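Report on the following structure.
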Amino acid sequence: MHYDEVEQAVRELATAADDEKRHRFGAETVVRLTAGDDLADAAGAEFDDDAGRRSSRRARTRPAALPTVFGRGWTRSTGARCPTDMDPQVLWALEALEHWASFLADRDPEAVVQLAIRSLEAVDYEVPARLDDFLASPAMAAEFDRIGARLGSRSAARLSDGPVG
């Protein structure tokens, strides 16, 4: 399955899911993307002030309940907002919190799509996926299956057999 087919399948799952499934999936995914000791170390190095480090720590300990701790003014240790060279884990955590806050504010399924994509990117960072067969690695297939199981009533494994239509 090509990457664009995976993204389309995720979009269709999120759009078809009811609000309760989207909320449950979003909360779980935010926790998944904001937890971990290595994220704590990376975040400590990225933020240039105590307030940023405190916000990062609060977000990691209660991410689903505290979606807007960073706001739009987060900074790197250089003092400038520069996500292009930010540690990928920190960037995914920040983006996850922004998408989660967006979903909580307006219940737009696209915010859930973006959370799912950040989650796939996090797996891709650990176990690089091929664009022509994005689900070839067991880790990527497992994450896609988790997304499908949480958002849909049908198995994501069946989705990976071909395009959703």
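Just so we're on the same page, our numbering is the position in the sequence shown counted from 1, plus 20. Glycine included, every Cβ here is placed at the ideal spot set by N, Cα and C. Since this is a predicted model, take the numbers as computed values, not measurements.
Rounded straight-line distance, which links the Cα of residue j to that of residue i
i: K41; j: E48; result: 11 Å
i: H22; j: Q28; result: 10 Å
i: T35; j: A159; result: 24 Å
i: A161; j: L111; result: 23 Å
i: V147; j: D153; result: 13 Å
i: M106; j: D144; result: 17 Å
i: G168; j: H43; result: 14 Å
i: L124; j: E163; result: 23 Å
C-beta atoms of residue i and residue j nearer than 8 Å
i: D39; j: R150; result: no
i: Q134; j: H119; result: yes
i: R138; j: L33; result: no
i: A37; j: L171; result: yes
i: A121; j: V30; result: no
Among the options, the one whose alpha carbon lies nearest that of residue i
i: R166; options: F45, D152 and P148; result: F45
i: E25; options: L155, A162 and V50; result: L155
i: A55; options: D107, A113 and M106; result: A113
i: V51; options: D153, A125, A142 and P129; result: A142
Classification of residue i by the beta-carbon crowding that lies within 10 angstroms, buried from 16 upward
i: A131; result: buried
i: A116; result: buried
Distance cut-off 7 Å: residue i Cβ against heavy atoms of the ligand ADP
i: K41; result: Questions concerning the ligand ADP fall outside what the structure shown contains, since it holds no ligand whatsoever.
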